[in-house]
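Asks: Respectively, the protein sequence lines represent chains A and B. 1 is the number of the first residue of the first sequence in my numbering; add one for each residue after it. 1001 is the number of the first residue of the second sequence in my numbering; add one for each residue after it.
2 protein chains.
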Amino acid sequence: MTAEIIAVGTELLLGDILNTNAQFLSQELAALGIDVLHQHVIGDNAARVAELVNTAKQRSDLLVFSGGLGPTADDLTKETVAACYGDSLTLDEEELAKIEAFYLRTGRTMPDNNRKQAMVPVKGRKIVNDHGTAPGVWFEDEQGRCAVLLPGPPHELTAMWNEGVRPLLAARTGGTLHSLTLHVLGGESDLETRGGALFQHEDPTAAIYAKVGECHIRITARGENDEDAKARCEAFAQNFYDLYGDAVYDADVPALEYTVVRLLNERGWVMTTAESCTGGLVAERVTNVAGSSEVFRFGFVTYANEAKEKLLGVSAHTLATEGAVSPETAAQMALGALRAADADVAVALTGIAGPGGGTPEKPVGLVWGAAATRDGVWVRKMTLGRRDRDNIRRRASQHALDLVRRLAAGLPAPEDTTAYTIPQVEASRTAPFAR
Amino acid sequence: MTAEIIAVGTELLLGDILNTNAQFLSQELAALGIDVLHQHVIGDNAARVAELVNTAKQRSDLLVFSGGLGPTADDLTKETVAACYGDSLTLDEEELAKIEAFYLRTGRTMPDNNRKQAMVPVKGRKIVNDHGTAPGVWFEDEQGRCAVLLPGPPHELTAMWNEGVRPLLAARTGGTLHSLTLHVLGGESDLETRGGALFQHEDPTAAIYAKVGECHIRITARGENDEDAKARCEAFAQNFYDLYGDAVYDADVPALEYTVVRLLNERGWVMTTAESCTGGLVAERVTNVAGSSEVFRFGFVTYANEAKEKLLGVSAHTLATEGAVSPETAAQMALGALRAADADVAVALTGIAGPGGGTPEKPVGLVWGAAATRDGVWVRKMTLGRRDRDNIRRRASQHALDLVRRLAAGLPAPEDTTAYTIPQVEASRTAPFAR
């Protein structure tokens, strides 16, 4: 099965907005095993829409539209596509009542224009929209070629796709589909090489997407029903858990900080942060999770040496002899924050985010991280150079959150991290931290 | 003049990457007064490329390509487009030497494949690439219809556009162009309404783009030479400065924190932050600016009441009687941070970022901000509801940075902000802050 994506809208042609719908629809169609050979953006102009549809439907089984369902007289896409597929439109009283109720609820009267939005196909079907006023529509000609039109706002389009269109297409391409996304710490090329044939598998499929400091692996399985598809999806996911071990930090979560907050909650732990080069980024990420006030109370941004001494009790001697960017300083920052905040786990970062400030011994991108509990401290050297300041900071925050995750989950220290017990730390005035 | 944008690449058709090049090129073409009626994405397939080019060049004067200039045998776009425009390719020794030198510099031998990248048009011209290995190419047929091909990586495409393509097109469409982008605090619909006819002006043009907590107004002027275009651009920009006053915080900067760091540097001031609901976001934004260590040393994330008392000296009585989300607490946080960090200006935020925690009196989105200097404290009530947690936090950070900007620049307090002198604050145990 082949498809083309057609986004309708002047704001896309002017570059006012980014076409995120095309990316979403492309990923979804690929996961369904449907080949997308063309994407288009055009304005809401009847002649140009008709020209494009007549060309595209000759070569592709399915056309997926985003946008063009607005209420004004200019919005001609729905009528035009209907005609191309030998269909026409009729007023749907139920949809009209829904739109009128929406206006009533927000204290307004429905403009007459909006009746247009309640028009649905005579032969085809409507796609219910529980997230806005305009229903989607589905046309199908006598040769079985189809077109589906969805509204442009991304939250409406994605919800209607998931609820209304995806099940329809999954049924046509055989059975139903289930997807899950694994979140894996590591670089794309390494994970992809190690995954090898898993990424070539046909059903279930697995696709890898590179993100900052992690990758997402999206697994999609076909099944006779949802339960079956889900079971096949999870069985295939097990291959990745076996292969990557605890580098897989979670599945179907927005980001690492959500997993960290969940694990801290489960353990009944409170965390704190002591940040130099990341300047508050770790605290910002953790507190962006709703409900994080249960597990986070104090954060320290100690950008200057004076702040490291005054707020965290880092020794002036250590700062003078080892420097602010050193394993000793990172460890003292974490231990100091743990005490100052009376927390269960503290994470600290100190490094050179660039672009200035690097030396041959301590280049841009060198970051020392430390995570302390009442039992000891882990120290991790990070070499994050070659990109920009923002990227270095984001990857450092990712490593820091990983240390907290591992401590909260009772996992071992990662390979690039050395663990010291509190007696070891206390045994030496000059801290015993290896370079 | 009309144009179409054609992005070539399987990774776009699969949804692996977002088509940011199409947005950039659309904005640029619009600024040049060139109408874009179609955007396309296709794979690197000679037959499909030829079919599309032959259709598109019938209706549009210019085709702008991104991608398809890779070194492998599959990359056929350049040859295919050359043939459509009655041109062919020849080896450019200078480009070949550049590519070989690039490989030598990175300690590798150039694969034979890469010779392809040094092929340039016989009749047309090359577009120099100082940012990667593949030059761009420009074809033109006997009817004056043109195609320009640029590499896919966004940093190469944008630089080559600005340096090589934009001047060529500006000359064709008459003279040269200059753009500048004003950054204005405020909402799009309000600014657009107040701007009125300025946004309908033909030359210079002005386009407004909504961002979080601010808008960008991009002004583009045509001129006989760059100096002339720049002068016309700046003269037109003056209308917006006159209209919006000090809501225009800067021009051609990455973000508000860059302006704040520059102003603090100019004044020789050090700032500090005391953050509750934003959890470190203001500190993170400021420290993301290279060189911010000159103006930022300490930041406090005081998420819990205990942290507000312990680190900032907020009175337990105020927290008990007025609550953590109150003008009194915000002011005490700012004054406490100012003292604890021995800073020249301190900014504090305390509010309800949601989704939980709201009450009828203190709904989600209510945030109190305060900015203190040794002379007094400004208190600002922000009502930021209706969106998500992240959006509320980002807009709160924007208001906070605006307070610091105004204090550092010696501007008056904004209308929604009340200013108190230190004697006023000290005159009353129960702080005199109005609701």
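All residues carry an ideal CB built from backbone N, CA and C; glycine is no exception.
1) Quick one: is A:LEU13 near chain B, going by C-beta distance under 8 Å?
2) Per DSSP, B:GLU1004 is paired with what?
3) Taking B:ARG1218 as the query, report the chain A residues whose CB atoms sit under 8 Å from its CB, ordered along the chain.
4) So, is A:SER26 buried or exposed, given that buried needs 16 or more other C-beta atoms within 10 angstroms?
5) If we ignore side chains and look at the alpha-carbon of each, how far apart do A:ASP130 and A:MET160 end up?
6) Taking B:ARG1380 as the reference, give the member of B:LEU1366, B:GLY1186, B:ARG1267 and B:GLY1043 with the closest Cα.
7) Go to A:PHE102, then tell me how far its beta strand (DSSP E) extends in each direction, as first and last residue.
8) Can you name, in chain order, every residue of its own chain whose Cβ lies under 8 Å from the Cβ of A:GLY245, other than the five neighbours on each side?
9) So is B:GLU1306 in contact with chain A if we call contact Cβ pairs under 8 Å?
10) Between which two residues does the alpha helix (DSSP H) holding A:GLU116 run?
11) Over the uninterrupted alpha helix (DSSP H) stretch that includes A:CYS84, give me the two end residues.
12) Rounded to the nearest angstrom, what separates A:ALA97 and A:ILE17 at their Cα positions?
13) Does A:CYS233 come out as helix, strand or coil in the three-state DSSP assignment?
14) Less than 8 Å separating the beta-carbons of A:HIS183 and A:TYR241?
15) With DSSP as the reference, identify every bridge partner of B:MET1160, one or two as the case may be.
16) If we cut at 8 Å on Cβ distances, does B:SER1293 have a partner in chain A?
17) On a CA-only basis, which of B:ALA1229, B:CYS1233, B:GLU1227 and B:ASP1226 is nearest B:ALA1207? Give me that one, please.
18) Do A:VAL289 and A:TYR258 come within 8 Å of each other at the CB atom, strictly closer than that value?
19) Would you check if the stretch 1136-1154 of chain B and the stretch 1193-1203 of chain B touch, i.e. whether three or more CB-CB distances between them fall below 8 Å?
20) Any beta carbon from chain B within less than 8 Å of A:ALA283's own beta carbon?
21) Identify the contact partners of A:PRO355 in chain B, using a Cβ-Cβ distance below 7 Å as the criterion.
22) For B:SER1026, go through chain A and note every residue whose CB falls closer than 7 Å to its CB, in chain order.
23) Can you find a C-beta in chain A that's less than 8 Å from the C-beta of B:LEU1401?
24) Thinking C-beta only, is A:ALA400 closer than 8 Å to A:LEU349?
25) Using the beta-carbon count (16 or more within 10 Å), is B:ASP1344 buried or exposed?
26) Where B:GLU1275 and A:THR220 are concerned, what is the direct C-alpha to C-alpha distance, given to the nearest angstrom?
27) Starting from B:ILE1208, follow the beta strand (DSSP E) in both directions and report where the run begins and ends.
28) Check the Cβ-Cβ distances between B:ARG1108 and every residue of chain A, and say whether any is below 8 Å.
29) Is any beta-carbon of chain A found at less than 8 Å from that of B:ASP1141?
30) How do the stretch 1036-1046 of chain B and the stretch 40-52 of chain A stand: do at least 3 beta-carbon pairs fall below 8 Å, yes or no?
31) Use the C-beta contact count for A:ASN54: other C-beta atoms within 10 angstroms, 16 or more gives buried, fewer gives exposed.
32) Note down, in chain order, each residue of its chain lying with its Cβ closer than 6 Å to the Cβ of B:ALA1251, except the 5 sequence neighbours on either side.
33) Which one of A:VAL270, A:GLY279, A:VAL122 and A:SER397 has the shortest CA to CA distance from A:LEU338?
34) Let me know if B:ARG1389 comes out buried or exposed under the rule of 16 or more other beta-carbons within 10 Å of its beta-carbon.
35) By the criterion of Cβ-Cβ separation under 8 Å, what are the contact partners of B:MET1246 in chain A?
36) Identify whether A:THR90 lies in helix, strand or coil by the three-state DSSP scheme.
Replies: Straight from the coordinates:
1) yes
2) B:HIS1038 and B:LEU1063
3) In chain order: nothing, as chain A lies at least about 10 Å away.
4) buried
5) 8 Å
6) B:LEU1366
7) No beta strand (DSSP E) holds A:PHE102; the alpha helix (DSSP H) holding it covers 93-105.
8) none
9) yes
10) For the sequence presented, residue 116 of chain A should be read as Lys rather than Glu. That residue, A:LYS116, is in no alpha helix (DSSP H); it is neither H nor E in DSSP.
11) 77-84
12) 32 Å
13) Three-state result, A:CYS233: helix.
14) Going by beta carbons, A:HIS183 and A:TYR241 fall outside the 8 Å limit.
15) Answer is none; B:MET1160 lacks a bridge partner.
16) yes
17) For the residues B:ALA1229, B:CYS1233, B:GLU1227 and B:ASP1226, the minimum Cα distance to B:ALA1207 belongs to B:CYS1233.
18) yes
19) no
20) yes
21) Result: ALA1290.
22) LEU13, LEU14 and GLY15
23) no
24) yes
25) buried
26) 42 Å
27) 1205-1211
28) Residue-level contact by beta carbon fails for B:ARG1108 and chain A, as no gap is shorter than 8 Å.
29) no
30) yes
31) exposed
32) Excluding residues up to 5 positions away in sequence, LEU1180 and LEU1182 lie with their Cβ nearer than 6 Å to the Cβ of B:ALA1251 in the same chain.
33) A:VAL270
34) buried
35) In the sequence on display, residue 1246 of chain B carries Asp and not Met. What B:ASP1246 touches in chain A: nothing, since even the nearest Cβ is about 26 Å away.
36) strand
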